[in-house]
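201 is the number of the first residue of the sequence shown in our numbering; add one for each residue after it. Ideal Cβ placement from N, Cα and C applies to all residues, glycine included. Keep in mind the model is a prediction, meaning the values are calculated, not measured. A quick write-up on the structure given underneath.
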Amino acid sequence: MDWIKREVGNGLQGLIALRLRNAPAEDMIELTADIWVESFAQRVSIEVLDAPRIREGFRLIFGRIREWPAPIDVIELMPNRPPRPALPEPEVNDCDPRVRELIRDLGARLGW
């Protein structure tokens with residue numbers, strides 16, 4: 201969760217630097233950051249995939265707002281994760297014809 205704190209903290213620093221309307225008071229920044237981290241932690245889990253998405257969400261919101269946003273405003277701007285690589289087609293070898301038919305039937309049920 202340290203990486204989430206780091207990414208959200210960097211984004212919040214940017215928001216603070218913008219001096220937006222309705223920004224939290226100085227004495228509330230730590231509590232605000234904790235709530236933001238919890239909000240993001242519910243939606244991200246893999247640093248290598250999600251850290252760039254968090255950065256992009258903050259980057260996109262910086263030029264769009266005049267007032268302090270809610271966490272969901274940034275989360276909704278985060279791009280989707282890249283698609284997972286597809287598995288290779290299964291190899292079919294010379295097996296018993298009954299097994300081949302079973303595989304074909306299962307493949308049809310699974311939409312192959």
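Do you know whose CA, among the options, lies nearest residue i's CA?
i, options, result
"G307", "L249, P290, D296", "P290"
"P283", "R298, A241, R259, L249", "L249"
"I261", "D227, P288, P224, L220", "L220"
"L287", "W312, W203, E301, G263", "W312"
"S245", "E226, E207, G211", "E207"
"A223", "E276, E267, L302", "E267"
"W203", "I216, L215, E247", "E247"
"N210", "R264, A225, E256, R281", "E256"
"I235", "R264, R309, C295, P269", "P269"
"R281", "E230, L212, R243, G214", "R243"
"F258", "E226, R309, I229, L218", "L218"
Going by DSSP, name the residue or residues bridged to residue i.
i, result
"E267", "R221"
Excluding the 5 residues preceding and the 5 following residue i in the sequence, name in chain order all residues of the same chain whose CB lies nearer than 8 Å to its CB.
i, result
"K205", "A233, V237"
"I324", "With the chain covering 201 to 312 only, the question about residue 324 has no answer from this structure."
"R298", "none"
"I363", "Because the chain in this structure spans residues 201 to 312, residue 363 falls outside the shown range and cannot be described."
"M201", "V237, A241"
Excluding five sequence neighbours on each side, which residues of the same chain lie with their C-beta closer than 6 Å to the C-beta of residue i?
i, result
"R253", "M278, P279"
"I303", "none"
With respect to the alpha helix (DSSP H) encompassing residue i, which residues constitute its N-terminal and C-terminal limits?
i, result
"S284", "Residue 284 is actually Arg in this sequence, not Ser. Looking at the DSSP string, R284 is not in any alpha helix (DSSP H), and its letter there is neither H nor E."
"L310", "297 to 310"
"E247", "247 to 262"
"L231", "229 to 241"
Whose C-beta lies closer than 7 Å to the C-beta of residue i among residues of the same chain, with five residues either side of it excluded?
i, result
"A251", "W203, E207"
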